[in-house]
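One line per chain: the protein sequences are A and B, in this order.
1 is the number of the first residue of the first sequence in this note's numbering; add one for each residue after it.
1 is the number of the first residue of the second sequence in this note's numbering; add one for each residue after it.
Below is one structure; the comments refer to it alone.
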Amino acid sequence: MSHGVEHPLSVSYHLCVLGDLESHTDEDSLQSRLSFLVRLSGTIPGAGLLADWAPRATRTGKEREGHSVSEREDIRRVIERAYIEGIHQDQDEAKVRSGFHPDFRMLVRQDMEIVEVDPMAFVQMMRERRETNPGFFESALSFDIPLIDVEGSAAVTRIELRRGGRHLFTDYQLLYKFEDGWKIVSKIFHAHS
Amino acid sequence: MPLEERLRVQEERRIRRVLEDVYVRDMYMKGSRNALSQEFDTAFHMLVPELDGRSGEPIALHWDGLTELQENHPKAILAEVRFEFPFIDVVGDAAVGRVDVYQENVPVYSDYVSLYRIGGQWKLVSKVFHRHGTRPDIAQVDPTSEKDRPTRLRHEPWG
């Protein structure tokens, strides 16, 4: 199942400086090994269809049971509202606060160093990007969440971001479940182009 | 095997070596935070959820107590500890891995570790974890309990 969305927005990171870019997309060897993974897509109103995207995550150990579907659904909703809508679509601080822990840090590679970006700096970065390049944000954004792995109160996700059919970023986000629900606490990413 | 698949498998193996040979040793086996391996980036933090100052952080964090434990309760240290690596997921220069820790076949911790490839070398940059069960000897908080649901997050530098 792969539903998708198209958003009148775009994504780009000023701070993204990556070295040799590799796109490891083996699309057929993994399907059979991914029954434990959730393959989800965004469902934001007004969405169109996302080009089919095959997950390429690999699991090398035993498959585990017991991951709650509801927990994964909760995580998907957090990512959709706080990250996709809050960061990329609306640059809406309230939406961002709803799903990002205040101590969240995006770890950004800059040459040989890692720069930490907090949630509100992330929002501001996207606002500036929109101001300087509004046309970029006119293109439709689509996303897919091919990996959600939950163990108790900790989780990891992988998010694929595309714009205009172009694969932009792969995100890995770490989450904890707090008193007020799942919160994104850390993020790293790979820029595809 | 297509080139992209071969490269991906190669990187997975490299990451697995980092997790098996470096992460496990430095995180769970060493008796000191000092002399960390270079595979730990200087930006590495373990993210520790807390409730009223209490947390379920790994026992290896309690360095002061570890020495006492080694001297007076060696069996506690020598007890069988087993590590499993259920999956590694890598895309380009970013990756995550899961590490499950068992003690006497009882699950103790599940770690999610994120890595960046920097200068051609995979570096550990962040970690979250889940502590299984309720073992008061190693932690005070049961994060699966509603009443013990953490409210804060602490960035624990390593080294």
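All residues carry an ideal CB built from backbone N, CA and C; glycine is no exception.
Taking a Cβ-Cβ threshold of 8 Å, the residues of chain B close to Glu116/A are Ala43, in chain order. As the crow flies, the alpha-carbon of Val108/A is around 13 Å from that of Gln173/A. For Phe44/B, DSSP assigns no beta-bridge partner whatsoever.
By the neighbour-count criterion, in which 16 or more other beta carbons inside 10 Å mark a residue as buried, Glu160/A falls on the buried side. For Arg131/B, the closest of Pro49/B, Val125/B, Tyr23/B, Pro2/B by C-alpha to C-alpha distance is Pro49/B. Put simply, of His167/A, Phe104/A, Asp171/A the residue whose alpha carbon is nearest the alpha carbon of Ser142/A is His167/A. By the criterion of at least three beta-carbon pairs nearer than 8 Å, the region 93-103 of chain A is not in contact with the region 101-113 of chain B. Taking C-beta separations shorter than 8 Å and ignoring five residues to either side along the sequence, the partners of Leu47/B in its chain run Ser126, Lys127, Val128, Leu153, Arg154, His155, Glu156, following chain order.
The Cβ atoms of Ala94/B and Ile88/B do not sit closer than 9 Å to each other.
Note on the region 116-180 of chain A: whole beta strand (DSSP E) runs with a minimum of 3 residues are 140-151, 154-163, 166-178, in chain order. DSSP places Ser68/A in the coil class of the three-state scheme, outside both helix and strand. Against chain B, the CB of Ile148/A has no partner CB under 9 Å away; the residue lies outside that interface.
At a cut-off of 9 Å between beta-carbon atoms, Asp21/B makes no contact with chain A.
Here Glu85/A has Lys95 as same chain residues with Cβ atoms under 6 Å from its own Cβ, once five neighbours each way along the sequence are excluded.
DSSP places Gly97/B inside the beta strand (DSSP E), whose first and last residues are 94-103. For Gly99/A, the number of other beta carbons within 10 angstroms of its own is at least 16, and it is reported as buried. Contact fails between the region 1-21 of chain B and the region 171-190 of chain A, because fewer than three Cβ pairs, one in each stretch, are under 8 Å apart.
As the crow flies, the alpha-carbon of Ile79/A is around 31 Å from that of Val22/B. The C-beta separation of His190/A from Val91/B comes to about 5 Å, placing the pair in contact by the 8 Å criterion. Here Gln121/B is bridged, per DSSP, to Ile118/B. Looking at the DSSP output, Lys183/A sits in a beta bridge with Tyr176/A. Between Leu124/B and Phe40/B, the beta carbon gap of about 5 Å places them in contact (Cβ cut-off 8 Å). Around His101/A, the same chain offers Lys183, Val185 as residues with beta carbons nearer than 6 Å, after the five sequence neighbours per side are excluded.
Residues of chain A whose Cβ lies closer than 7 Å to the Cβ of Ile118/B are, in chain order, Arg109, Met112.
Taking 8 Å as the upper bound for CB-CB distance, Phe83/B and Val18/B are not in contact here, some 13 Å apart.
Around the beta carbon of Ser153/A, 16 or more other beta carbons lie within 10 angstroms, which makes this residue buried.
In the three-state DSSP reduction, Glu84/B falls in the strand class (E or B). For Tyr102/B, the closest Cβ of chain A is not nearer than 9 Å. By the neighbour-count definition (other C-beta atoms within 10 Å, threshold 16), Glu131/A is an exposed residue.
Contact between Ser110/B and Glu151/A is confirmed by a C-beta separation of about 4 Å, below the 8 Å threshold. In the three-state DSSP reduction, Ser193/A falls in the coil class, being neither helix nor strand. Per DSSP, the unbroken alpha helix (DSSP H) holding Leu7/B starts and ends at 3-17.
Of the other Cβ atoms in all chains shown, fewer than 16 fall within 10 Å of the Cβ of Val69/A; this residue is therefore exposed.
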